[in-house]
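Just below is one structure, and these are the notes that go with it.
Encoded structure:
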């Protein structure tokens, strides 16, 4: 199963 | 107040066409540095970052930093009323709730004013660190657009693999599979037609083609596109905007669950 990550998994909120 | 005059008004029209389907509402940040935007799509998978530096405008006045919330679909409707050769001026007062777009025809015989209501938008801003990428591919933007379009007729996702042999775009779907390999090619007449692969380490990442196709709506902005990839970071698809800045798209990768 291929899962879509989100940008928050990589970048932090300012 | 702020007032920006952009002789090449078509640039702004192209930027809007490239991002309006990905992002609905966004805050445009205006400062002495330039006119910028950072906005995520509703699913927080993709992010758009635009920078138009102040030096690229014929006239640029920004007395204090200002954030202007706009509905991009409405902004696009307004900018579609500008001719491709028109000069576009954007004006707004500090604390005001409207922005004015002024379009001047090159011969100055037609001048139009469009006023648009601004919106209050609470948007989440992400801190994006400067990164060293394992592989960076630069290739003709039209070629990249063609590859994404072709592969999306076969599958939903693309695996982009960079090795010393070149960059491979692969997909698989119900009807079969496809692999397209682009080798480094710097022996072309024009630099923008080159495919250049800067590889520190091989990398292979999977992405949703739906987003890639959306990014390629920026193709009219630039002859070439760069894809920056690392195994632990979102992909960066960058279209340089000549003498002014860039339009970048960040896309979170798909991973094996």
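Residue numbers (our numbering), protein chains in the order written: chain B, 1 to 14; chain S, 1 to 257.
Positions of the beta carbon are idealized from the N, C-alpha and C atoms, including for glycine.
For a contact defined as C-beta to C-beta under 7 angstroms, what are the partners of residue i on chain B?
i: residue 174(S); result: Within 7 angstroms Cβ-Cβ: nothing; residue 174(S) doesn't reach chain B, min ~16 angstroms.
i: residue 44(S); result: 6, 7 and 8
i: residue 310(S); result: Because residue 310(S) is not part of the residues shown, which for chain S are 1 to 257, the question remains open.
i: residue 47(S); result: 7
Give the interface partners of residue i over in chain B, defined as CB-CB distance under 8 angstroms, in chain order.
i: residue 40(S); result: 7
i: residue 257(S); result: 1, 2 and 3
i: residue 163(S); result: The contacting residues do not exist; residue 163(S) stays about 21 angstroms from chain B at best.
i: residue 254(S); result: 2, 3, 4 and 5
Would you please state the rounded distance, in angstroms, between the beta carbons of residue i and residue j? I believe it to be under 8 angstroms.
i: residue 115(S); j: residue 67(S); result: Between residue 67(S) and residue 115(S) the Cβ distance is about 18 angstroms, and since that is not below 8 angstroms, they are no contact.
i: residue 212(S); j: residue 158(S); result: 6 angstroms
i: residue 10(B); j: residue 257(S); result: Rounded, the Cβ-Cβ distance is 17 angstroms, inconsistent with contact.
i: residue 141(S); j: residue 72(S); result: About 21 angstroms separates the two Cβ atoms, so there is no contact after all.
Comparing alpha-carbon positions, which option in the options lies nearest residue i?
i: residue 333(S); options: 147(S), 1(S), 205(S) and 127(S); result: This structure gives no information on residue 333(S), because the portion of chain S shown stretches from 1 to 257.
i: residue 236(S); options: 124(S), 54(S), 132(S) and 173(S); result: 132(S)
i: residue 70(S); options: 199(S), 219(S), 79(S) and 202(S); result: 79(S)
i: residue 182(S); options: 175(S), 223(S) and 160(S); result: 160(S)
i: residue 196(S); options: 135(S), 208(S), 121(S) and 155(S); result: 135(S)
i: residue 106(S); options: 85(S), 252(S), 255(S) and 229(S); result: 85(S)
i: residue 47(S); options: 185(S), 20(S) and 63(S); result: 20(S)
i: residue 228(S); options: 221(S), 90(S) and 250(S); result: 250(S)
i: residue 59(S); options: 222(S), 169(S), 32(S) and 185(S); result: 32(S)
Give a yes or no on whether 8 angstroms exceeds the smallest Cβ distance from residue i to chain B.
i: residue 125(S); result: yes
i: residue 233(S); result: yes
i: residue 195(S); result: no
i: residue 246(S); result: no
i: residue 250(S); result: yes
i: residue 33(S); result: no
Strictly below 9 angstroms CB to CB, what residues from chain B border residue i?
i: residue 157(S); result: 2
If you scan the segment 109-185 of chain S from start to end, which runs of the alpha helix (DSSP H) of 4 or more residues do you find wholly inside it?
-> The segment 109-185 of chain S contains these whole alpha helix (DSSP H) runs: 141-152.
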